[in-house]
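FYI, in the working numbering the residues of the sequence shown are 20 to 921. Don't be surprised by glycine CBs; every beta carbon is placed ideally from N, CA and C.
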Amino acid sequence: MADTMGGHSARRKDDAMKRLLLLLAPALLVLAANPLQPGMRGSYALPPAPAEFRVGFWDGPKFDPANEPVPIPGRLMADEAETEYWLVQFDGPVRGYQVRDLARAGGFIGFHSRYTAFVRADRDGIDKVRDLPFIRWAGPYHPGLKYWSGTLAETGWGRVSVILFRDAEVERAVADLAALGLPPVRSLESDALKAVEVDCSRDQVETIARLPYVLSVEEWHESEPENANVQWVIQTWAQNERRIWEQGVVGSDEILGFIDGRLDQNHYAFRDTVLAISDTGEFPNHRKVVVLKRYPPGTLGSANSHGTHVGGTIAGNDSVMGGTSTHKGHSREARLANVFPIPSATEIPGALAAIATNLRNPALQPKTISNSWWTGTRGQYTIAAAAFDHFSWFNRDIVTVKSCGNQGQANRYYITEPGNSKSIIAVASLQNGTNSTVLSSFSSRGPGHDDRVKPDISAPGEGIMSARVNTTNDYTSMSGTSMAAPAINGAVGQIRSYLRKGYYPSGQPNPADTFGYVSAALLKAMVLVSADPNVGSYVVPSDYIGWGRANLDSVLFFNDGVPDARGLLVYDDTVGLATGDYVDYVFEVSDTMPLRVGVVWTDTAAAPGANPALINDLDARLEGPGGTFYLGNHYTDGRSVENPAGDPDRLNPLEMFRVHEPEPGTWTLRVSGYSVPAGGTQPYGVVITGGIVAGELTDVGVTALLAPLDTVEVGDTITPTAIVRNFGTTDETFPVHFTIGTDYDDSTVVTLTAGDADTVRFVSWIPDATGSFEFACWTALIGDENPANDRRSDTVEVIPPTAVGEPAGLPTVFALEGVRPTPFRNGTDIRYALPRAAEVELRVYNAAGILVRTLARGTLPAGRHSAHWDGRDDGGRMLSTGVYLCRFEAGEVVQLRKLIKM
Numbered sequence: 020m021a022d023t024m025g026g027h028s029a030r031r032k033d034d035a036m037k038r039l040l041l042l043l044a045p046a047l048l049v050l051a052a053n054p055l056q057p058g059m060r061g062s063y064a065l066p067p068a069p070a071e072f073r074v075g076f077w078d079g080p081k082f083d084p085a086n087e088p089v090p091i092p093g094r095l096m097a098d099e100a101e102t103e104y105w106l107v108q109f110d111g112p113v114r115g116y117q118v119r120d121l122a123r124a125g126g127f128i129g130f131h132s133r134y135t136a137f138v139r140a141d142r143d144g145i146d147k148v149r150d151l152p153f154i155r156w157a158g159p160y161h162p163g164l165k166y167w168s169g170t171l172a173e174t175g176w177g178r179v180s181v182i183l184f185r186d187a188e189v190e191r192a193v194a195d196l197a198a199l200g201l202p203p204v205r206s207l208e209s210d211a212l213k214a215v216e217v218d219c220s221r222d223q224v225e226t227i228a229r230l231p232y233v234l235s236v237e238e239w240h241e242s243e244p245e246n247a248n249v250q251w252v253i254q255t256w257a258q259n260e261r262r263i264w265e266q267g268v269v270g271s272d273e274i275l276g277f278i279d280g281r282l283d284q285n286h287y288a289f290r291d292t293v294l295a296i297s298d299t300g301e302f303p304n305h306r307k308v309v310v311l312k313r314y315p316p317g318t319l320g321s322a323n324s325h326g327t328h329v330g331g332t333i334a335g336n337d338s339v340m341g342g343t344s345t346h347k348g349h350s351r352e353a354r355l356a357n358v359f360p361i362p363s364a365t366e367i368p369g370a371l372a373a374i375a376t377n378l379r380n381p382a383l384q385p386k387t388i389s390n391s392w393w394t395g396t397r398g399q400y401t402i403a404a405a406a407f408d409h410f411s412w413f414n415r416d417i418v419t420v421k422s423c424g425n426q427g428q429a430n431r432y433y434i435t436e437p438g439n440s441k442s443i444i445a446v447a448s449l450q451n452g453t454n455s456t457v458l459s460s461f462s463s464r465g466p467g468h469d470d471r472v473k474p475d476i477s478a479p480g481e482g483i484m485s486a487r488v489n490t491t492n493d494y495t496s497m498s499g500t501s502m503a504a505p506a507i508n509g510a511v512g513q514i515r516s517y518l519r520k521g522y523y524p525s526g527q528p529n530p531a532d533t534f535g536y537v538s539a540a541l542l543k544a545m546v547l548v549s550a551d552p553n554v555g556s557y558v559v560p561s562d563y564i565g566w567g568r569a570n571l572d573s574v575l576f577f578n579d580g581v582p583d584a585r586g587l588l589v590y591d592d593t594v595g596l597a598t599g600d601y602v603d604y605v606f607e608v609s610d611t612m613p614l615r616v617g618v619v620w621t622d623t624a625a626a627p628g629a630n631p632a633l634i635n636d637l638d639a640r641l642e643g644p645g646g647t648f649y650l651g652n653h654y655t656d657g658r659s660v661e662n663p664a665g666d667p668d669r670l671n672p673l674e675m676f677r678v679h680e681p682e683p684g685t686w687t688l689r690v691s692g693y694s695v696p697a698g699g700t701q702p703y704g705v706v707i708t709g710g711i712v713a714g715e716l717t718d719v720g721v722t723a724l725l726a727p728l729d730t731v732e733v734g735d736t737i738t739p740t741a742i743v744r745n746f747g748t749t750d751e752t753f754p755v756h757f758t759i760g761t762d763y764d765d766s767t768v769v770t771l772t773a774g775d776a777d778t779v780r781f782v783s784w785i786p787d788a789t790g791s792f793e794f795a796c797w798t799a800l801i802g803d804e805n806p807a808n809d810r811r812s813d814t815v816e817v818i819p820p821t822a823v824g825e826p827a828g829l830p831t832v833f834a835l836e837g838v839r840p841t842p843f844r845n846g847t848d849i850r851y852a853l854p855r856a857a858e859v860e861l862r863v864y865n866a867a868g869i870l871v872r873t874l875a876r877g878t879l880p881a882g883r884h885s886a887h888w889d890g891r892d893d894g895g896r897m898l899s900t901g902v903y904l905c906r907f908e909a910g911e912v913v914q915l916r917k918l919i920k921m
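Below is the structure:
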């Protein structure tokens, strides 16, 4: 439930907010050599099915709140007259302006689930919310909706975690709980959660839930672990063939993380002959262990057998020490980040921060984090799962992996927490070697609590040899889904190394083709598309094996003189789609080799207990040359259903296709933004494998307007600037035009290779009159197949020079006067004017509409003020390059200004 652009009341005319999508839209970094490019774009509207309004809380039945009573006893319901926190439901797919209007009408907190949101309001406030035309229902957040019905049922007494809304005060909760005779054991507060832990009886759970600011009440458990053939199984499924290693993809230059017991840094698999580790810390020059930290902070302590074994499976390698073990980790040349010990559910945000975001040296941030343990809870979407989804939403280039659990297959919904997270890759266990077509008897059965596909993938987890703790170079066998998860962690490291070393698209390492940024969504999609389904008699997608057994050779394309028959196309859309947007990807199928397609995205966190948990929902539709179409995740007998009836999938943050004998010819994959309430747009990754090549496309367009900015002064010298891009598959030369008002008109000719982008600058413009002027930039390519993206326009306000019309030196209006420099590298200064003393808010948001930095907040005197932004967030972390938005609010004025960090 993040602070979004709609989180504060806006009292300015709507045109400032209407610019939001234009300001946040540009993709500044593109892959010059990528043969798969987005093609035709457009908009659509799909009415919701009635079932989409049914929402569930914990293990209670789903119900339509507008038409059915809340399915809880009367004693667990709240009185509307005393209600402080409310649930409201939208009438269908949610658009950005609706979230902003809701925020203006009431205290919008965040989303519970798909169309259902939390609002904090009094009776007058909720009446205003109910009057909004797109709100179909509003009602109290009842105590009986805040916890699982079986909480403390087995013991009658125990410890619970009281999870608070993010706007609640921990001090108030501590005092109120103490007054109820429940002295807190401890309290925790982070960006991801606020929680207080208390010991109580089952009857007291209901009393705790009656506190208005309580989001959920959950049982507290101490987390526990979920205790060399696997190499070739994961790499090729050809006995003793390790082709991925043979092609040079060994995880070099990657940093892979895991939260577990402490690894034994003195084992040959990890030891450095020059740099010894004797305490916790960061070690950028260590050949294998770059981060070794305890959370909560403490001393190094003793090495742990489980953590040592897990670390060895991910990236252990004794070769540097002269060892000859065959039990090397999957990404044997990668380095490791290890945070220990295993955290409890409420400690998860702190442990994730310790390993990834609270580093003195950000270059040591791992791009994977695996977790071979559980919090003692299964079959629920708890604060543990929500914490991982919250982390992944804000760190979209870090893949999280977890063992699916060792609870067996006697019943459904046995996935252990936090494995029900939407972002986590939950891994089932198989037997090893030639027996890896057999599911381990202990491996937990899915699906997820809301019937999402869980587990996600399978890998060997029985009889896995890896480093033995407290030995120089001995190895030991362990079994469990704990052993399967690090195998996938290492495999993700290999895939990321493949992309970072420039193997895509040629199949050979080419530095010019390196991916500068790789999203977790794309990496997860490649893992899932790699999956082979031949495990026992299970039919994918399966509650037992997910999408199948990972096989990297089924997704990675190589050309070592003879190119693989199976081709690979990928696209990492880091900007994404808004509600109602769609984009087409066109490719050619050359033979009837099975076609696999995956579209995956990283969704934001839902509320604990939410059913379904999906909030941002994309759709994918695949159409062949003869008109036969397929919908994502519509399967029978392990294959995509031709021309399926029914609605698109509304549960999973992924859309998968498997077409057994695709018809040769032109195919189109359409990705659509069905409902994207969080963040404004939803990024995603696309992966296609089979007998394929990219389809031909002629398309260029304007992706961003960089200058002029919102406000300029008479006499300023402005260089009109725009970013244009070749979305097509062939090199193009074409004219680009720029106009401002009726007096400025310039053009130039641009040449771009397929997939490339360029910043185009035009002759200077010196405004000589005040007023509002429309400016526009457009491309004019003959034969352009997608004119929808050819033109962009905006308006610029020309004001008098600073020294004119300001008696006594004071400004005459509230104004965000300027940002210089932008684009910037090392920082930028933001100037704003106050004609009188006023409350001021000056904030910076990222391209997802998430607040990253507050530069000014409070009452300031009349005059001109300046704030410097150094490119860091409120936590002091340096932010990535890209487009940001500065929002100024003072008096009755709200103004927006685009910032570009290079």
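Just verifying my parser: in three-state terms, what is the DSSP assignment at residue 505?
Looking at residue 505 - three-state DSSP - the assignment turns out to be helix.
My guess is that residue 84 and residue 156 are in contact by the Cβ rule of under 8 Å, so how many angstroms apart are they, rounded?
About 5 Å; that satisfies the 8 Å criterion.
Do three or more CB pairs link the stretch 622-634 to the stretch 588-601 at distances below 8 Å?
No, they do not touch.
Can you tell me whether residue 742 sits near the ligand FAD, meaning its C-beta is under 7 Å from at least one heavy atom of the ligand?
In the structure shown, the ligand FAD is absent, as is every other ligand, since no ligand is present at all.
By the 10 Å Cβ neighbour count, where 16 or more other Cβ atoms means buried, how is residue 63 classified, buried or exposed?
Flag for residue 63 reads exposed.
From residue 268 to residue 336, what does the alpha carbon distance come to, in whole angstroms?
Rounded to whole angstroms, residue 268 to residue 336 spans 15 Å at the Cα level.
Residue range of the beta strand (DSSP E) that residue 914 falls in?
Where residue 914 is concerned, the enclosing beta strand (DSSP E) stretches over 912-920.
Measure how close the beta-carbons of residue 357 and residue 281 come, nearest whole angstrom, since I'm counting them as under 8 Å.
Right, the Cβ-Cβ distance comes to about 7 Å (below 8 Å), so this counts as a contact.
Leaving out five residues on either side along the sequence, give the residues of the same chain with a beta carbon under 6 Å from the beta carbon of residue 910.
Closer than 6 Å at the Cβ level, and outside the excluded window around residue 910, lie 833 and 857.
Can you list, in chain order, the residues of its chain with a C-beta nearer than 7 Å to that of residue 551? Leave out the 5 residues immediately preceding and following it.
For residue 551, where only same-chain residues beyond five positions count, the Cβ hits under 7 Å are 256, 567, 568, 570 and 573.
Taking residue 972 as the reference, give the member of 578, 789 and 728 with the closest Cα.
The chain is shown only over 20 to 921; residue 972 falls outside these bounds and no answer can be derived.
Measuring CB to CB, does residue 449 end up less than 8 Å from residue 477?
Result yes, Cβ atoms of residue 449 and residue 477 sit closer than 8 Å.
Where do the N-terminal and C-terminal ends of the beta strand (DSSP E) with residue 884 fall, by residue?
Start and end: 882-888.
Can you tell me whether residue 508 is buried or exposed? The criterion is at least 16 other CB atoms within 10 Å of its CB, across all chains shown.
Buried: at least 16 other Cβ atoms inside 10 Å.
Does the stretch 235-246 come close enough to the stretch 496-508 to have 3 or more Cβ pairs within less than 8 Å?
These segments touch.
Given residue 687, which residues of its chain have a CB within under 6 Å of its CB, disregarding the five upstream and five downstream residues?
Excluding positions up to five away in sequence, the list reads 603, 605 and 642.
Answer yes or no: do residue 713 and residue 741 have a C-beta to C-beta separation smaller than 8 Å?
Result no, Cβ atoms of residue 713 and residue 741 do not sit closer than 8 Å.
In the structure shown, what three-state DSSP assignment does residue 402 receive?
Of the three classes helix, strand and coil, the one that applies to residue 402 here is helix, per DSSP.
Determine the direct distance from the alpha carbon of residue 421 to that of residue 437, and round the result to whole angstroms.
Straight-line Cα distance between these residues: approximately 8 Å.
If we ignore side chains and look at the alpha-carbon of each, how far apart do residue 880 and residue 860 end up?
In a straight line, the C-alpha of residue 880 is about 13 Å away from that of residue 860.
Taking just the CA atoms, how far does residue 105 sit from residue 123?
Going from the Cα of residue 123 to the Cα of residue 105 covers about 16 Å.
Go ahead and pull the three-state DSSP assignment for residue 690.
In this structure, residue 690 counts as strand in the three-state DSSP scheme.
Using a Cβ distance threshold of 8 Å, determine whether the stretch 449-464 contacts the stretch 403-415, with at least three qualifying pairs required.
Flag = no, the stretch 449-464 and the stretch 403-415 do not touch.
Which first and last residues belong to the alpha helix (DSSP H) in which residue 225 is found?
221-228 is the extent of the alpha helix (DSSP H) around residue 225.
Which value, in whole angstroms, describes the spacing of the CA atoms of residue 74 and residue 629?
So the two alpha carbons sit approximately 8 Å from each other.
Once you ignore the five residues that flank residue 389 on each side, which residues in its own chain have a CB closer than 6 Å to its CB?
Cβ neighbours of residue 389 beyond the five flanking positions: 277, 420, 504, 505 and 508.
Using 10 angstroms around the beta-carbon of residue 460, count the other beta-carbons present and answer buried if the total reaches 16, otherwise exposed.
Residue 460 comes out exposed.
Could you round the C-beta distance between residue 705 and residue 651 to whole angstroms and report it? I think they count as a contact, below 8 Å.
No, residue 705 and residue 651 are not in contact; Cβ-Cβ is about 12 Å, not under 8 Å.
Assuming the contact rule is C-beta atoms closer than 8 Å, residue 298 and residue 319 should be a hit. Round their C-beta distance to whole Å, please.
Contact flag correct, Cβ pair sits at about 5 Å.
Tell me which residues share the same chain as residue 763 and place their Cβ nearer than 7 Å to its Cβ, disregarding the 5 neighbours each side in the sequence.
Once the five neighbours on either side are set aside, the close Cβ partners of residue 763 are 784.
Residue 196 by DSSP, collapsed to three states: which one?
Residue 196 falls in the helix class under three-state DSSP.
Between the Cα of residue 234 and those of 843, 87, 165 and 671, spot the shortest distance and give me the residue it belongs to.
Answer by Cα proximity: 165.
If you draw a straight line from the C-alpha of residue 359 to the C-alpha of residue 296, how long is it?
So the two alpha carbons sit approximately 15 Å from each other.
Let me know if residue 348 comes out buried or exposed under the rule of 16 or more other beta-carbons within 10 Å of its beta-carbon.
Flag for residue 348 reads buried.
Does the beta-carbon distance from residue 163 to residue 230 come in below 8 Å?
Taking 8 Å as the Cβ cut-off, residue 163 and residue 230 do not qualify as a contacting pair.
If we count the other Cβ atoms within 10 Å of its Cβ and call it buried at 16 or more, is residue 826 buried or exposed?
With a pLDDT of 41 at residue 826, under the threshold of 50, the modelled position of that residue is not reliable, and the figure given next carries that caveat. Answer is exposed; the Cβ neighbour count stays below 16.
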